[in-house]
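**Student:**
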Ligand code: FE
Ligand code: FE
Ligand code: ZN
């Protein structure tokens, strides 16, 4: 039996969970991503249990794969500013509590930016915060996203992500989400040596901890440390190399999220393209 590609894109959460599932369905997506709160602000919308109940039914009908929530960009557990770290702690606690309304899903986050404190201090503070918010009872898996390494971002190398995971009290609750644009911009050549990059991921982190993919083309060269997403086939990675990622035997079955600069029709086109090229 041929397993189906699990792919979707980032969706607006403004109309709730059921609406996201139905929007996903309308573009032939069977996963999606959304911000758990305003990506640049602080407030989170209250959860409507009736919406969640209708969402669960919709997911059943659609055959939805794991969904990949995205934490707010304002969450920075390793800022040099104490109030920013405190907000990260409070927002992550609240986000993970709300994730439990949709049990067993994935919550992806940018590890953080150390803002001059140094990578080592950043790693310690990120792990410390995660250890305060992750409980052994939670059904959500927290994913650390691979970053491009721009500015003082932590997570631009597999080693840094592994170092965070090593410090986690309940490491079974923490996986990794690989963003193709970010790893490319960070200097991992997924165009010419995808197998080598995956071998390195496996050696440093362990491929079994890779739980989701962000599929984006990049406007920049490999190693540029920039992080500018492009539509599939309109960047320096190219459509062929991205098909090779999505269709890679070691990556099959992982939820793939498009974060390309598109509206829904553009996403529908990209999803159709990858489905056509999925063997
Ligand atoms: Fe992200
Ligand atoms: Fe991403
Ligand atoms: Zn990005």
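Numbering (the numbering used here), first residue to last: 470 to 748.
Ideal Cβ positions, reconstructed from N, Cα and C, are used throughout, including at glycine.
#1: Could you please go through the chain and list the residues whose beta-carbon is closer than 7 Å to any non-hydrogen atom of ligand 3?
#2: Write down every uninterrupted run of the beta strand (DSSP E) in the segment 668 to 736 whose length is 3 residues or greater and which is fully enclosed by it, in chain order.
#3: Should residue 575 be flagged as near chain C, meaning a C-beta pair shorter than 8 Å?
#4: For ligand 2, is there a heavy atom less than 7 Å away from the beta-carbon of residue 614?
#5: What is the DSSP secondary structure of residue 576, reduced to helix, strand or coil?
#6: Confirm the yes/no value for this check: CB of residue 579, any heavy atom of ligand 5, distance under 7 Å.
#7: Should the segment 718 to 728 be called in touch with the segment 478 to 491, which here means at least 3 C-beta pairs below 8 Å?
#8: Cβ of residue 615 within 8 Å of Cβ of residue 645?
#9: Please work out which residues of its chain come closer than 8 Å, Cβ to Cβ, to residue 663, disregarding the five sequence neighbours upstream and downstream, and give them in chain order.
#10: On a Cα-Cα basis, can you pick out the residue from 665, 639 and 694 that is closest to residue 651?
#11: Is it buried or exposed, residue 608, if we count other Cβ atoms within 10 angstroms and call 16 or more buried?
#12: Leaving out five residues on either side along the sequence, give the residues of the same chain with a beta carbon under 7 Å from the beta carbon of residue 544.
#13: Whose C-alpha, out of 679, 697, 606 and 636, is nearest the C-alpha of residue 687?
#14: Please state the DSSP three-state secondary structure of residue 569.
#15: To which residues does DSSP link residue 648 through a beta bridge?
#16: Quick one, are the C-beta atoms of residue 536 and residue 567 less than 8 Å apart?
#17: Please classify residue 547: does DSSP put it in a helix, a strand, or coil?
#18: Indicate whether residue 523 and residue 487 have their beta-carbon atoms separated by less than 8 Å.
#19: Residue 701: which of 529, 681, 739 and 669 sits nearest, CA to CA?
#20: Grouping DSSP H, G and I as helix and E and B as strand, with all else coil, what is residue 614?
#21: For residue 479, is the beta carbon positioned less than 7 Å from some heavy atom of ligand 1?
#22: Relative to the C-alpha of residue 549, which residue among 489, 602, 594 and 625 is closest?
**Tutor:** With the structure as the only source:
#1: Those residues placing their Cβ nearer than 7 Å to any heavy atom of ligand 3 are, following chain order, 617, 648, 650, 651, 685, 696, 698 and 728.
#2: Counting whole runs of 3 or more residues, the segment 668 to 736 contains the beta strand (DSSP E) stretches 679 to 684 and 725 to 727.
#3: Among the chains in the structure shown there is no chain C, since it carries only a single protein chain.
#4: Yes.
#5: Three-state result, residue 576: strand.
#6: What this structure holds is ligand 1, ligand 2 and ligand 3, not ligand 5.
#7: Counting Cβ pairs under 8 Å, three or more are found: they touch.
#8: Judged by their CB atoms, residue 615 and residue 645 are nearer to each other than the 8 Å cut-off.
#9: Answer for residue 663: 710, 713, 714 and 717, listed in chain order.
#10: Residue 651 has its Cα closest to that of 694, out of 665, 639 and 694.
#11: Burial call: exposed.
#12: These residues qualify, in order along the chain: 557, 560, 561 and 578.
#13: Out of 679, 697, 606 and 636, 697 has the C-alpha closest to the C-alpha of residue 687.
#14: Shown here, residue 569 sits in coil according to DSSP, grouped into three states, outside any helix or strand.
#15: Beta-bridge pairing links residue 648 to 683.
#16: Between residue 536 and residue 567, the C-beta gap is not smaller than 8 Å, which leaves the two residues out of contact.
#17: Of the three classes helix, strand and coil, the one that applies to residue 547 here is coil, per DSSP.
#18: The beta carbons of residue 523 and residue 487 sit closer together than 8 Å.
#19: Comparing Cα-Cα distances from residue 701 to each of 529, 681, 739 and 669, the minimum goes to 739.
#20: Residue 614: strand per DSSP, three-state reduction.
#21: Flag unset: Cβ of residue 479 not near ligand 1.
#22: The candidate whose alpha carbon is nearest that of residue 549 is 594.
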